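S.K.: Here it is: the structure, laid out below.
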Amino acid sequence: MNNYFVILAAGKSKRFHKKKLKQFFIYKNKEIIDHSIEKSLNSKLFKRILVVTNNLQHFKKKKYYRDITIIKGGKERSDSSRNALKYLKKYRPNNILIHDAARPDFTIKLLTSLIHHLKKNKAVIPFIKPNDTIKYKFKNNLFNLNRDKALFTQTPQAFRFKELYELSIKQENKITDEATLFIDKDYKVKFIQGEKQNNKITYLDDIKTSKTFFGLGFDIHKLVRNKKLYLGGIKIPFHSGLKGHSDGDVILHAITDAILGATIKKDIGTYFPNTKKFKNIKSSKMLKPIIKDLYRSNFTINNLDINLICEQPKVSKYREKIINSISKLTTLDKGLINLKGKTVEKLGLIGKEKAIACEVIISISKYD
Ligand code: ZN
């Protein structure tokens with residue numbers, strides 16, 4: 004496994020936004036660049052992941068900061084790519100994949116396939132067939148291109164390191180992908196089926212959200228002695244616990260109901276009725292399939308706001324732990340989860356520490 008992955012992210016993305024760098028724009032709950040970095044790390048296919056950027060500082064607070072290598076980019080894309088090759092030479096890589104950060108939607112399956120085809124080829128390029136009819140203009144003459152013979156090339160593009168290095172060092176023209184180097188020299192290139200969803204984000208319009216939905220969740224459980232207290236999926240030391248058919252976790256129940264509300268899918272009782280099957284079920288086990296279903300339907304969560312209504316325990320003491328736990332369960336960034344504690348001036352059942360209630364509002368978007 005002598006594979007190396009290079010992510011080019013030094014572009015100024017002038018066509019995208021005047022002030023914001025495209026690679027750091029939020030797309031499907033994270034920055035565009037995070038998708039490529041996290042996916043390549045998760046694939047476990049690479050010895051090293053190299054990010055070429057002119058914004059080193061930006062990466063210092065990232066979770067994956069220690070797992071990647073960062074080098075400075077050049078003036079043009081081809082300069083950045085050459086910088087990467089020069090940097091990696093000392094590691095003697097066999098295979099190298101070069102990828103534009105502007106394509107966050109490739110799959111790990113594509114990475115595997117590219118590497119697989121490198122066994123018998125020196126350059127492997129993913130492509131898709133165009134849907135549009137293409138004209139080609141050359142010195143004021145227009146030509147019709149045969150659509151069936153036209154290929155739209157994508158990244159990641161995979162190469163044997165040695166060959167790409169030699170071509171890249173010698174190249175003088177500005178190029179927009181590495182496949183160009185091989186094609187210009189008439190070297191053999193293996194084209195494999197790319198992925199329709201692996202689009203390049205060029206304009207702000209390319210990131211579409213079709214619609215935003217909101218969902219509201221509410222729950223209340225009675226406090227009883229001799230039961231453990233669970234809030235937000237973690238155990239909290241307290242004199243009583245919440246009575247219920249499950250572990251009585253009001254926060255997770257309210258979140259589950261908020262999601263079901265936003266996706267117009269009835270309520271928690273519909274999926275987890277008070278039957279024997281669900282007796283004493285952990286609430287995280289109720290939330291997880293609902294979350295899975297949410298992401299599978301191409302929804303993403305924008306933010307989550309929670310009111311925990313109780314006299315005790317004090318929310319401030321457990322806020323961070325609860326948010327961490329919810330972040331883990333929902334895979335939502337911690338920075339998008341808010342938890343507020345609300346007392347009721349010692350009024351009523353909640354005021355007398357006989358019950359705890361929770362309300363949640365969630366915002367979700369469906370991406371095209
Ligand atoms: Zn409940």
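371 is the number that the numbering used here gives the last residue of the sequence shown; the numbers go up by one with no jumps. All C-beta atoms, glycine included, are put in the ideal place defined by N, C-alpha and C. None of the values given here were measured: they were computed from a predicted structure.
1. With the cut-off set at 8 angstroms, would you say I254 and I178 are in Cβ contact?
2. Please report the residue range of the beta strand (DSSP E) in which T72 lies.
3. Judging by CA-CA distance, which residue of A153, K31, K42, I364 is the nearest neighbour of L307?
4. What does the Cβ neighbour count give for G236, buried or exposed, with the cut at 16 atoms within 10 Å?
5. Assign P240 to one of two classes, buried (16 or more other C-beta atoms within 10 Å of its C-beta) or exposed (fewer than that).
6. When a residue counts only if its C-beta is closer than 5 angstroms to some heavy atom of ligand 1, which residues count, in chain order?
7. When the Cα atoms are used, what is the spatial distance from S16 to K193?
8. N176 by DSSP, collapsed to three states: which one?
9. For K6 and L48, which I take to be in contact (beta-carbon distance under 8 angstroms), what is that distance rounded to the nearest angstrom?
10. Rank F221, G244, K173 by C-alpha distance to the C-alpha of T259 and give the top, closest one.
11. Classify P276: buried if its beta carbon has 16 or more other beta carbons within 10 angstroms, exposed otherwise.
12. Quick check on the DSSP output: the beta strand (DSSP E) that includes A126 runs from which residue to which?
13. Nearest CA to the CA of A126: which residue from T158, P107, G247?
14. Within the region 23-110, note down every full beta strand (DSSP E) run reaching 3 residues or more, in order along the chain.
15. Under the rule that 16 or more other beta-carbon atoms within 10 Å means buried, what is K214, buried or exposed?
16. Sort T72, F217, F141 by Cα distance to Y90 and report the nearest one.
17. Which word fits K25, buried or exposed, when buried means at least 16 other C-beta atoms lie within 10 angstroms of its C-beta?
18. Would you call the region 262-269 in contact with the region 201-212, where contact means no fewer than 3 C-beta pairs closer than 8 angstroms?
19. Taking Cβ to Cβ, would you say S286 is nearer than 8 angstroms to Y321?
20. Could you spell out the range, first to last residue, of the beta strand (DSSP E) harbouring L263?
21. Less than 8 angstroms between the C-beta atoms of K225 and K203, yes or no?
22. What runs of the alpha helix (DSSP H), each 4 residues or longer, lie entirely inside the region 175-241?
23. Quick check on F164: buried or exposed, where buried means 16 or more other Cβ atoms within 10 Å of its Cβ?
24. Could you give the DSSP three-state label for S300: helix, strand or coil?
25. Of all the CB atoms in chain D, is at least one closer than 8 angstroms to the CB of G272?
26. Would you check if the distance between the CB atom of S249 and the CB atom of N283 is smaller than 8 angstroms?
27. So, using beta-carbon positions, are I118 and A161 closer together than 8 angstroms?
28. Using a Cβ-Cβ cut-off of 8 angstroms (strictly less than) and excluding sequence neighbours within five positions of Y257, which residues of its own chain qualify?
29. Going straight from the alpha carbon of V227 to that of K269, what length do you get?
30. How would you label D252, buried or exposed, when you count the other beta carbons within 10 angstroms and need 16 or more for buried?
31. Please name the residue, chosen from I99, S368, L311, that lies closest to N341 on a Cα-to-Cα basis.
32. DSSP has A360 in a bridge; who is on the other side?
33. May I have the straight-line CA-CA distance separating E181 from A13, to the nearest angstrom?
34. When you compare each of Y67, I329, D187, K345 to K42 by their alpha carbons, which one comes out closest?
35. Restricting to Cα atoms, I'd like to know which of Y30, K291, S300, R80 is closest to S171.
36. If you reduce the DSSP assignment to three classes, tell me which class S366 lands in.
M.R.: According to the data block:
1. Indexing the sequence shown from 1 puts residue 254 at position 251. Indexing the sequence shown from 1 puts residue 178 at position 175. It is not a contact, given that the beta carbons lie outside the stated cut-off.
2. Here residue 72 corresponds to residue number 69 of the sequence shown, with the count starting at 1. 72-75 is the span of the beta strand (DSSP E), which, as asked, contains T72.
3. Position 304 of the sequence shown, counted from the start, is the residue given in the question as residue 307. Taking only the C-alpha atoms, the option nearest L307 is I364.
4. In the sequence shown, counting from the first residue as 1, residue 236 sits at position 233. Buried, because 16 or more other Cβ atoms sit within 10 Å of the Cβ of G236.
5. Reading the sequence shown from its first residue, position 237 is the one you call residue 240. Label assigned to P240: exposed.
6. Going by the Cβ distance cut-off, the answer is D222, H256.
7. In the sequence shown, the residue the question calls residue 16 occupies position 13. In the sequence shown, the residue the question calls residue 193 occupies position 190. Using only the alpha carbons, I get a separation of about 30 angstroms.
8. The count along the sequence shown starts at 1 and reaches residue 176 at position 173. Three-state result, N176: coil.
9. If you number the sequence shown from 1, residue 6 lands on position 3. If you number the sequence shown from 1, residue 48 lands on position 45. The amino acid occupying residue 6 in the given sequence is Asn; Lys does not appear at that position. Yes, they are in contact, since the Cβ atoms of N6 and L48 sit about 6 angstroms apart, within 8 angstroms.
10. Indexing the sequence shown from 1 puts residue 259 at position 256. It is F221 whose Cα lies nearest to the Cα of T259.
11. The count along the sequence shown starts at 1 and reaches residue 276 at position 273. So P276 counts as exposed.
12. On the sequence shown, residue 126 is found 123 positions in, with the first residue counted as 1. Counting along the chain, the beta strand (DSSP E) containing A126 begins and ends at 126-131.
13. As a position in the sequence shown, residue 126 is number 123, starting the count at 1. Comparing Cα-Cα distances from A126 to each of T158, P107, G247, the minimum goes to T158.
14. 51-56, 72-75, 98-103
15. Position 211 of the sequence shown, counted from the start, is the residue given in the question as residue 214. Looking at its Cβ environment, which holds fewer than 16 other Cβ atoms inside 10 Å, K214 is exposed.
16. Along the sequence shown, read from residue 1 onward, the residue named residue 90 stands at position 87. When T72, F217, F141 are compared, the shortest CA-CA separation from Y90 is found for T72.
17. Here residue 25 corresponds to residue number 22 of the sequence shown, with the count starting at 1. That one is buried.
18. no
19. Locating residue 286 in the sequence shown gives position 283, counting from the first residue. Locating residue 321 in the sequence shown gives position 318, counting from the first residue. Not a contact, by the Cβ cut-off of 8 angstroms.
20. As a working note, residue 263 is residue 260 in the sequence shown. Where L263 is concerned, there is no enclosing beta strand (DSSP E), although the alpha helix (DSSP H) around it starts and stops at 253-265.
21. For the purposes of this step, residue 225 is taken as residue 222 along the sequence shown, with counting starting at 1. For the purposes of this step, residue 203 is taken as residue 200 along the sequence shown, with counting starting at 1. Pairing K225 with K203 gives a Cβ-Cβ distance that is not under 8 angstroms.
22. 182-187
23. One-based indexing of the sequence shown puts residue 164 at position 161. F164 is buried by the Cβ-count criterion.
24. Within the sequence shown, residue 300 is the residue found at index 297, counting from 1. Residue state, collapsed to three classes: coil.
25. The displayed structure is made up of one protein chain only, and chain D is not part of it.
26. Mapped onto the sequence shown, residue 249 falls at position 246. Mapped onto the sequence shown, residue 283 falls at position 280. Cβ distance < 8 angstroms, so S249 and N283 count as in contact.
27. Translated into positions along the sequence shown, residue 118 becomes position 115. Translated into positions along the sequence shown, residue 161 becomes position 158. The answer is yes: Cβ separation under 8 angstroms.
28. The residue you call residue 257 lines up with position 254 of the sequence shown. Position check: residue 257 holds Ala in this sequence, whereas Tyr was assumed. Counting only Cβ-Cβ distances below 8 angstroms, and skipping sequence neighbours, we find G220, F221, D222, I309, C361, E362, V363.
29. Here the question's residue 227 lines up with position 224 in the sequence shown. Here the question's residue 269 lines up with position 266 in the sequence shown. Straight-line Cα distance between these residues: approximately 29 angstroms.
30. Position 249 of the sequence shown, counted from the start, is the residue given in the question as residue 252. Result: buried.
31. Residue numbering aside, residue 341 sits at position 338 when the sequence shown is read from its first letter. With distances taken between Cα atoms, N341 lies closest to L311.
32. Stepping through the sequence shown from its first residue, residue 360 is reached at position 357. In DSSP, A360 forms a bridge with I223, I312.
33. Sequence index remark: in the sequence shown, residue 181 carries index 178 (1-based). Sequence index remark: in the sequence shown, residue 13 carries index 10 (1-based). In a straight line, the C-alpha of E181 is about 16 angstroms away from that of A13.
34. Here residue 42 corresponds to residue number 39 of the sequence shown, with the count starting at 1. Of the listed residues, the one whose Cα sits closest to K42 is Y67.
35. Taking the sequence shown and counting its residues from 1, the one referred to as residue 171 is at position 168. It is R80.
36. Within the sequence shown, the letter at position 363 stands for residue 366. If DSSP states are grouped into helix, strand and coil, S366 belongs with the strands.
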